[in-house]
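Asker: If you read the sequence shown in my numbering, its first letter stands for residue 1272, the second for the next number, and so on.
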Amino acid sequence: MEILDLKSLLVSEYSVCSVAKFQGFLSPVPAAKLQRHLSRMFEVKTTAGASKADIYRELAAQLGGLLTGERNGLANAANTAALLFQGLGDANWAGFYFLRDGELVLGPFQGKVACVRLQLGRGVCGTAAQQRKTIVVPDVEKFPGHVACDHASRSEIVVPLIHSGKLIGVLDVDSPKLARFDQSDASGLEELAGIFLAHSDLRQLVD
Ligand code: SME
């Protein structure tokens, strides 16, 4: 599959946002060409047989491109969740919880509807947030206090979001496969979380 430069596509004449900004410029683009580019725009590269390191390198490049030029935290969280859900493989849930009034409150995600509020110190998300460290759970049934949102989930990884020393929330990914996540995923997702934080203004999402 062709690797796309999402940044250039998102700010190009093919961007939906650009339709409003550059209507005059967009009009000469043939409809078929526009449709082709729009359908390619959100393709996420998933290479069969690629190593986890390769997959995370590719995802980091794509996420950087996707978020560059946009500071809205809600929009960036939504696109980050979508990219991970599509690009990681074997994920049945990927998304965010943000810290509000001492609780983790559901943010943008992809997957089945999920629990809205999680307590700090409980479940995988609450534990990762409280301990401020990434937690890899090979078998969710063996994690004390695991909060089951989608009963298909068998394993999980949660990365705390820390910005300027402040806990912002967590990035959570679930898988229907046992032991889907390991230390490579922890490093890779921590890097992706860092890219999301560096590109995003989160003032509307956290206290
Ligand atoms: N399993 C998580 C709850 C969130 S869902 O997986 C989306 C937990 O134990 O905290």
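Glycine residues also receive a C-beta, built at the ideal position from the N, C-alpha and C atoms.
Indicate, with yes or no, if the ligand SME has a heavy atom lying under 8 angstroms from the CB of Phe1380.
Answerer: For the purposes of this step, residue 1380 is taken as the residue at position 109 of the sequence shown. Answer for Phe1380: yes, Cβ within range of the ligand SME.
Asker: Counting pairs of Cβ atoms below 8 angstroms between the region 1438 to 1446 and the region 1391 to 1408, do you hit three or more?
Answerer: Result yes; three or more Cβ-Cβ pairs closer than 8 angstroms.
Asker: For Ser1489, does the three-state DSSP call read helix, strand or coil?
Answerer: The structure shown has nothing for residue 1489, since the chain only spans 1272 to 1478.
Asker: Please name the residue in Phe1356, Gly1373 and His1434 whose C-alpha comes closest to that of Pro1379.
Answerer: Here the question's residue 1379 lines up with position 108 in the sequence shown. The shortest Cα separation from Pro1379 among Phe1356, Gly1373 and His1434 belongs to Phe1356.
Asker: With a threshold of 16 other CB atoms inside 10 Å of the CB of Asp1445, please say whether the residue is buried or exposed.
Answerer: In the sequence shown, the residue the question calls residue 1445 occupies position 174. Classification for Asp1445: buried.
Asker: Run through DSSP, which three-state label would Ser1426 get?
Answerer: Residue mapping note: residue 1426 aligns to position 155 of the sequence shown, counting from 1. Here Ser1426 sits in strand by DSSP.
Asker: In or out: Gly1392 buried (at least 16 other Cβ within 10 Å) or exposed?
Answerer: Walking along the sequence shown from the start, residue 1392 turns up at place 121. Gly1392 should be labelled exposed.
Asker: How many angstroms separate the CA atom of Ile1406 from the CA atom of Pro1431?
Answerer: On the sequence shown, residue 1406 is found 135 positions in, with the first residue counted as 1. On the sequence shown, residue 1431 is found 160 positions in, with the first residue counted as 1. So the alpha carbons of these two residues sit roughly 9 angstroms apart.
Asker: Residues in its own chain within less than 7 angstroms of Pro1409 by CB, not counting five upstream and five downstream?
Answerer: The count along the sequence shown starts at 1 and reaches residue 1409 at position 138. Counting only Cβ-Cβ distances below 7 angstroms, and skipping sequence neighbours, we find Ser1426, Leu1449 and Ala1450.
Asker: Between Pro1447 and Ser1471, which are expected to be in contact by the criterion C-beta below 8 angstroms, what is the C-beta distance as a whole number of angstroms?
Answerer: As a working note, residue 1447 is residue 176 in the sequence shown. As a working note, residue 1471 is residue 200 in the sequence shown. Contact doesn't hold; Cβ gap of about 29 angstroms is too wide.
Asker: Which residue's Cα is closest to the Cα of Leu1460: Ser1322, Ala1331 and Ala1321?
Answerer: Here residue 1460 refers to the residue found at position 189 when the sequence shown is read from its first residue. Among Ser1322, Ala1331 and Ala1321, the Cα nearest to that of Leu1460 is on Ala1331.
Asker: Counting only runs that start and end within the region 1363 to 1402, where is the alpha helix (DSSP H) found for 4 or more residues in a row?
Answerer: Whole alpha helix (DSSP H) segments, 4+ residues: 1394 to 1402.
Asker: In the DSSP assignment, find the unbroken beta strand (DSSP E) run with Val1408 in it and report its ends.
Answerer: On the sequence shown, position 137 is the one that residue 1408 refers to. Residues Ile1406 to Val1408.
Asker: According to DSSP, what are the bridge partners of His1434?
Answerer: Taking the sequence shown and counting its residues from 1, one reaches residue 1434 at position 163. Its beta-bridge partners are Lys1437.
Asker: Report the three-state DSSP secondary structure of Asp1472 (helix, strand or coil).
Answerer: On the sequence shown, position 201 is the one that residue 1472 refers to. Three-state result, Asp1472: strand.
Asker: If distances are taken between C-alpha atoms only, which option among Lys1437, Arg1388, Gly1358 and Cys1386 comes closest to Ser1322?
Answerer: Translated into positions along the sequence shown, residue 1322 becomes position 51. For the residues Lys1437, Arg1388, Gly1358 and Cys1386, the minimum Cα distance to Ser1322 belongs to Gly1358.
Asker: At a cut-off of 8 angstroms, would you count His1422 as near the ligand SME, judging by its Cβ distance to the nearest heavy atom?
Answerer: For the purposes of this step, residue 1422 is taken as the residue at position 151 of the sequence shown. No, since every heavy atom of the ligand SME falls outside the 8 angstroms radius drawn around the Cβ of His1422.
Asker: Nearest to Trp1364 by CA position, among Gln1381, Arg1371, Ala1348 and Gly1373, is which residue?
Answerer: The residue labelled residue 1364 in the question sits at position 93 within the sequence shown. With distances taken between Cα atoms, Trp1364 lies closest to Gln1381.
Asker: Select from Arg1342, Gly1335, Gly1465 and Leu1463 the residue whose C-alpha is nearest the C-alpha of Leu1474.
Answerer: To locate residue 1474, count along the sequence shown from 1; it is residue 203. Checking the displayed sequence, the identity of residue 1474 turns out to be Arg instead of Leu. With distances taken between Cα atoms, Arg1474 lies closest to Arg1342.
Asker: By Cβ distance below 8 angstroms, which residues in the same chain neighbour Cys1386 in space, the five residues on each side in sequence not counted?
Answerer: Here residue 1386 corresponds to residue number 115 of the sequence shown, with the count starting at 1. Closer than 8 angstroms at the Cβ level, and outside the excluded window around Cys1386, lie Leu1377, Val1418 and Cys1420.
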